[in-house]
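When the letters of the sequence shown are read in order and numbered with mature numbering (1 follows the signal peptide of the UniProt record, and there is no 0), they come out as residues -23 to -1, 1 to 197.
Backbone N, C-alpha and C define an ideal beta-carbon position, used for all residues, glycine too.
Notes to accompany the following structure.
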Amino acid sequence: MRPTLLPAPLLLAVLLACQVARCFLLEGSATSYAQFRKWNAGLNGTLEFEFKTEQGNGLLLYTDDGGTYDFFEVKLVESALRLRYNLGGGAQIVTVGHDLGDGHWHKIQITRCNENTTLTVDGVGAVSTSRGKEFEFGKLAGNSDVYVGGMPSWYNSKLTLLALPSVIFEPRFNGFIRNLVYADGENTVPRRQEMKSRDVKVCQSTTHFFLYLLRSTSRC
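As structure tokens, this is what we get:
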């Protein structure tokens, strides 16, 4: 059997498809969450991801400075997206969107610019301005990892390590997540993140699609 070359447009489509990250499913159980490396939010960092769910409430993302003041909490509240955060000058709340538990994919982006933090959902954004004079997000060495969909159960007995202890009582997210991307002090170019640990189910990748195309374009 001798394989033939794929036409250029089809080859490009295959290559693009293979760059698409797998999504993963969080089932909302008592232990489900995904853990990613620290986000160095700095003064101008960005963080984005996509989600899909049919539930209107649930914790999407949390990270903090190790239990002092600073934190970012993203959650669904009655099918709207709510960002609650603190950069040392007091908690701020930004709410964007509606009907986000509709079973479709939605894209979230958090953008920092000194004292201003913008929450954008599906291209619609709202800006919040922090009080105070220092707007750095904690100290990277002491900051927590980024948790998606829920918190590790060991925090239940170590609430003092959380800048926002109430996060441990938030309902866990039940749905799909994909394409968590940071641009931060380490990587000014946005970079997709890989999980450090997880209690999730990974969605079907594009590998099977790629192999199917290779088989379908080969001949004896």
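- Exposure of G80 is indicated by the presence of fewer than 16 other C-beta atoms within 10 angstroms of its C-beta.
- In the displayed model, G119 falls within a helix according to three-state DSSP.
- T95 is bridged by DSSP to T88 and V104.
- Unbroken beta strand (DSSP E) runs of no fewer than 3 residues, entirely contained in the segment 121 to 158, are found at 123 to 125, following chain order.
- CA-to-CA, the gap between E111 and P129 works out to about 30 angstroms.
- Distance from the CA atom of K84 to the CA atom of D99, rounded to whole angstroms, is 5 angstroms.
- Inclusion of G126 and A11 in the CB contact set at 8 angstroms is warranted, their separation being smaller than that value.
- When C-alpha distances from L60 are compared across L96, T30 and K15, the shortest belongs to L96.
- Taking all protein chains shown into account, K173 has fewer than 16 neighbouring C-beta atoms within 10 Å of its C-beta and is therefore exposed.
- With respect to F13, D122 sits close: the two C-beta atoms are nearer than 8 angstroms.
- Contact annotation: F114 and L36 have beta-carbon atoms that are not nearer than 8 angstroms.
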